[in-house]
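**Student:** Handing you this structure, nothing more for now.
Protein chains: 2
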Amino acid sequence: MDNRGCIPNDKIISLLADAFKIFGDSTRIKILYSIYDSELCVYDIANSINMTQSAVSHQLSILKNARLVKSRKEGKTVFYSLDDSHIKSILNVGLNHIEEKE
Amino acid sequence: MDNRGCIPNDKIISLLADAFKIFGDSTRIKILYSIYDSELCVYDIANSINMTQSAVSHQLSILKNARLVKSRKEGKTVFYSLDDSHIKSILNVGLNHIEEKE
DNA sequence: ATAATATATGAATATATGAACATATGAAAT
DNA sequence: ATTTCATATGTTCATATATTCATATATTAT
Chain A
6 MDNRGCIPND KIISLLADAF KIFGDSTRIK ILYSIYDSEL CVYDIANSIN
56 MTQSAVSHQL SILKNARLVK SRKEGKTVFY SLDDSHIKSI LNVGLNHIEE
106 KE
Chain B
6 MDNRGCIPND KIISLLADAF KIFGDSTRIK ILYSIYDSEL CVYDIANSIN
56 MTQSAVSHQL SILKNARLVK SRKEGKTVFY SLDDSHIKSI LNVGLNHIEE
106 KE
């Protein structure tokens, strides 16, 4: 849990920064919350966060690439869901943080 | 702990994204780790992460503005330290995340 | 085969961001 | 007062990023 006064190596640092970078965008956060409890298709995600299908699709591909979401195809519809429960804890830690800073 | 299927309002979303954005940069992550255990002055931070004083100072002001670090002045020297222990848990959750993704 | 629907992708544009450089500020020492 | 040292700040530049628009792909229905 503790790092004992050493800075993680560059590869780890850069992976860490990249991971946080993914969460550092409102649209992506909204998408993650829209599928927080259950999977949704692209169209429904776009609707629930009031963004165009294209914009959402672009962001979904970034989220999928970073393995924050996974997808399941059913006919012509693609359903997205959180990749694992871990994502929720990151979002929650973030929420705690901003609440603490009132 | 759970959000019960609703997306936080726009203000919260944007605060969340902004918070993660701060963590989404290698230089800032390095700075945070360099003062993980104890305070350091700007010069020492710059040295420990191999960046110019100017670049570090700029990033420190961003970190301070976001209240991730606090500063203490002693003569002409300014010592920076993590603003609260909460920052560490965010870094740790991030580390767990990237380890999980192997 | 063609049309309709759902999603993905590529190019273009606008904006944001980090780093470098030069310079400014503030504090201590001479 | 002036020099020196530590830090901060303004500007510029290059790069990264998100969104839009147009189009492509894939799947189903007719």
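Residue numbers (my numbering), protein chains in the order written: chain A, 6 to 107; chain B, 6 to 107.
We treat Cβ as the ideally placed atom computed from N, Cα and C, and that holds for glycine.
Because the structure is a prediction, the values reported are computed rather than measured.
#1: Let me confirm a value: lysine 35 of chain B is counted as buried when at least 16 other C-beta atoms fall within 10 Å, else exposed. Which label applies?
#2: Using a Cβ distance threshold of 8 Å, determine whether the segment 76-86 of chain B contacts the segment 68-85 of chain A, with at least three qualifying pairs required.
#3: With 16 as the cutoff for other CB atoms within 10 Å, does serine 39 of chain B come out buried or exposed?
#4: How about the segment 12-23 of chain B and the segment 13-23 of chain A: do they share at least three Cβ pairs that are nearer than 8 Å?
#5: Can you look up arginine 33 of chain A in the DSSP assignment and give me helix, strand or coil?
#6: For isoleucine 67 of chain B versus isoleucine 17 of chain B, is the C-beta distance shorter than 8 Å?
#7: Could I get the ranges of all uninterrupted beta strand (DSSP E) runs contained in the segment 27-100 of chain A, with 3 residues as the minimum, in chain order?
#8: Less than 8 Å between the C-beta atoms of aspartate 88 of chain A and leucine 65 of chain A, yes or no?
#9: For alanine 51 of chain A, count neighbouring C-beta atoms within 10 Å of its own C-beta (all shown protein chains included) and say buried if the count is 16 or more, exposed if not.
#10: For isoleucine 18 of chain B, name the three-state secondary structure that DSSP assigns.
#11: At the level of alpha carbons, what is the spacing between tyrosine 41 of chain B and valine 98 of chain B?
#12: Is the Cβ-Cβ distance between serine 102 of chain A and isoleucine 95 of chain B less than 8 Å?
#13: Hey, would you say glutamate 2 of chain B sits closer than 8 Å to serine 86 of chain B, going by beta carbons?
**Tutor:** Let's see:
#1: buried
#2: no
#3: buried
#4: no
#5: helix
#6: no
#7: 74-79 and 82-87
#8: no
#9: buried
#10: helix
#11: 15 Å
#12: In the sequence under discussion, the amino acid at residue 102 of chain A is histidine, which differs from the serine named in the question. Yes. Within cutoff.
#13: Look at the range of chain B in this structure, 6 to 107, and you will see that residue 2 of chain B is not part of it.
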